[in-house]
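Participant:
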Amino acid sequence: MFESLIAAAVLSATQQGDGKSPMPSPWRDPGYMKLVWIQSPNFGHRPDGYVIDTVVIHSTVIPTLEKTTEAFQRESSQVSSHFTIGKDGSIVQNVSTYDRAWHAGVSKDFFGRDNVNHFSVGIELVNLNDGKDPYPQAQIDALHAILVVLKRRFPIKQLTSHEFIAKPYGRKNDPTIFPWEKLKDLGLPMYYGKPKDEK
Ligand SMILES: [Zn+2]
């Protein structure tokens, strides 16, 4: 049941347009497998000719979903992702998947393509990225559900980490200690850690 609810929510969120709400005050996390769309001003158009075929997984370093959403709401931060997932499996959509979110920065993927933001969906996991903070199962569940829907929607050919694609190598190391094996059943190639051409 949760799977179908989230599928409906994420499918509608992959459309262009409505479904956006302002930053709620007081803040309440939407809850396990529930999605709210709080639009970030930090995005642009995807250039013509790019196919969305990549998902980049990040961790926020920022400790909460509220504070991450706030950061993505600030124009001065110049950063955003498409989705942010809280530790309890709450989901905030920040940018339409049809638009280009600003999550990867200077980057090159496994296939040697740079400007990864052009062709990727960015997903942020609320996590301190200190190498100790765990990713609770509820958070993995929500990530998994989003990935299932994205796979259905777009010709996704890889999951990758911000660490793997950020240039120069070492500029980013997120998401540290992420349990990639929990995404294995999706059947997607996964590229994380250190790229092979980095000594
Ligand atoms: Zn990142």
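1132 is the number of the first residue of the sequence shown in our numbering; add one for each residue after it. Ideal Cβ placement from N, Cα and C applies to all residues, glycine included.
In the DSSP assignment, find the alpha helix (DSSP H) that holds His1275 and state where it starts and stops.
Facilitator: First-last of the alpha helix (DSSP H) with His1275: Gln1268 to Arg1284.
Participant: Rounded to a whole number of angstroms, what is the C-alpha to C-alpha distance between Val1187 and Arg1159?
Facilitator: Going by the C-alpha atoms only, they are around 26 Å apart.
Participant: Nearest to Val1210 by alpha carbon, out of Ile1216, Ala1202 and Gly1217?
Facilitator: Ranking Ile1216, Ala1202 and Gly1217 by Cα distance to Val1210 puts Ala1202 first.
Participant: Mind checking whether the beta-carbon of Lys1303 lies closer than 6 Å to any heavy atom of ligand 1?
Facilitator: Yes, the beta carbon of Lys1303 sits closer than 6 Å to at least one heavy atom of ligand 1.
Participant: Just to confirm the assignment: which complete alpha helix (DSSP H) runs, minimum length 4, are found wholly within the stretch 1187-1225?
Facilitator: Correct list: 1196-1204.
Participant: Kindly give me the distance between the Cβ atoms of His1213 and Val1226, rounded to whole angstroms, as I take these residues to be in contact under 8 Å.
Facilitator: That pair is a contact at about 5 Å.
Participant: Could you check if His1213 belongs to the surroundings of ligand 1, using beta carbon to heavy atom distance under 6 Å?
Facilitator: Not so, every heavy atom of ligand 1 lies at least 6 Å from the Cβ.
Participant: Output the distance between the C-alpha atoms of Gln1268 and Asp1219, rounded to the nearest integer angstrom.
Facilitator: If you take the alpha carbons of Gln1268 and Asp1219, they lie about 8 Å apart.
Participant: Are there 16 or more other CB atoms within 10 angstroms of the CB of Val1237, so buried, or fewer, so exposed?
Facilitator: So Val1237 ends up on the exposed side.
Participant: Roughly how many angstroms lie between the CA atoms of Gln1170 and Ala1276, to the nearest whole one?
Facilitator: When rounded, the distance between both Cα atoms is 21 Å.
Participant: When you compare only the Cα positions, how much space is there between Phe1295 and Arg1231?
Facilitator: About 19 Å.
Participant: For Tyr1266, which residues of its own chain have a beta-carbon under 7 Å away from its beta-carbon, when the five flanking residues on both sides are left out?
Facilitator: Excluding positions up to five away in sequence, the list reads Leu1256, Asn1258, Phe1309 and Pro1310.
Participant: Any idea which residues DSSP pairs His1176 with across the strands?
Facilitator: Bridge partners of His1176: Asp1230.
Participant: To the nearest angstrom, report how far apart Lys1239 and Thr1228 are at their CA atoms.
Facilitator: Roughly 20 Å between the two C-alpha positions.
Participant: What residues in its chain sit with their C-beta under 8 Å from that of Glu1197, if we drop five residues either side in the sequence?
Facilitator: Excluding positions up to five away in sequence, the list reads Trp1158 and Asp1160.
Participant: For Leu1290, I'd like the list of residues in its chain whose CB is within less than 6 Å of its CB, leaving aside the five on either flank, ordered along the chain.
Facilitator: Answer for Leu1290: Val1186, Leu1319 and Met1321, listed in chain order.
Participant: From Gln1337 to Leu1166, what distance separates their C-alpha atoms?
Facilitator: Within the shown structure, residues of the chain are numbered from 1132 to 1330, placing residue 1337 beyond reach of any answer.
Participant: Answer yes or no: do Pro1153 and Glu1206 have a C-beta to C-beta separation smaller than 7 Å?
Facilitator: Result no, Cβ atoms of Pro1153 and Glu1206 do not sit closer than 7 Å.
Participant: Using only the alpha-carbon positions, how far apart do Lys1298 and Pro1326 sit?
Facilitator: Going by the C-alpha atoms only, they are around 11 Å apart.
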